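Everything below concerns the one structure shown next.
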Amino acid sequence: MKKLFITLGRERDLIRYSEKSDLKDAKEISEEDAVSLFQKNFYSEEKAREFIESVKDNPFNDWCQWR
877 MKKLFITLGR
887 ERDLIRYSEK
897 SDLKDAKEIS
907 EEDAVSLFQK
917 NFYSEEKARE
927 FIESVKDNPF
937 NDWCQWR
């Protein structure tokens with residue numbers, strides 16, 4: 877089952893929707909927690925949800941920079 881993984885505290889923070897994380901410092905995060913986190917970092921709720929959906933639609937499960 878695929879999950880959201882996120883990194884925090886980096887120069888460029890990343891997010892990924894995949895079955896597993898290949899980064900040691902990435903943590904699993906729920907979609908609602910990700911939206912809340914993005915809203916604290918100047919995203920509107922609508923833009924945060926759109927961004928998460930685009931990450932989930934990523935066919936290659938690549939890491940995407942979110943901050």
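Last residue of the sequence shown: 943 (the working numbering), numbering continuous. The C-beta atom is built at its ideal place from N, Cα and C for all residues, glycine as well. Bear in mind the structure is a predicted one, so any value in this text is a computation, not a measurement.
Measuring straight from C-alpha to C-alpha, what distance separates Trp939 and Leu884? 13 Å
Should Arg892 be labelled buried (16 or more other beta-carbon atoms within 10 Å of its own) or exposed? Classification for Arg892: buried.
Kindly give me the distance between the Cβ atoms of Ile928 and Glu904, rounded to whole angstroms, as I take these residues to be in contact under 8 Å. At roughly 14 Å, the Cβ-Cβ gap does not stay under 8 Å, so Ile928 and Glu904 are not in contact.
Per DSSP, cross-strand counterpart(s) of Lys878: Lys878 is not bridged to any residue.
Just reading off the alpha helix (DSSP H) that Glu907 is part of, what are its end residues? Glu907 to Lys916
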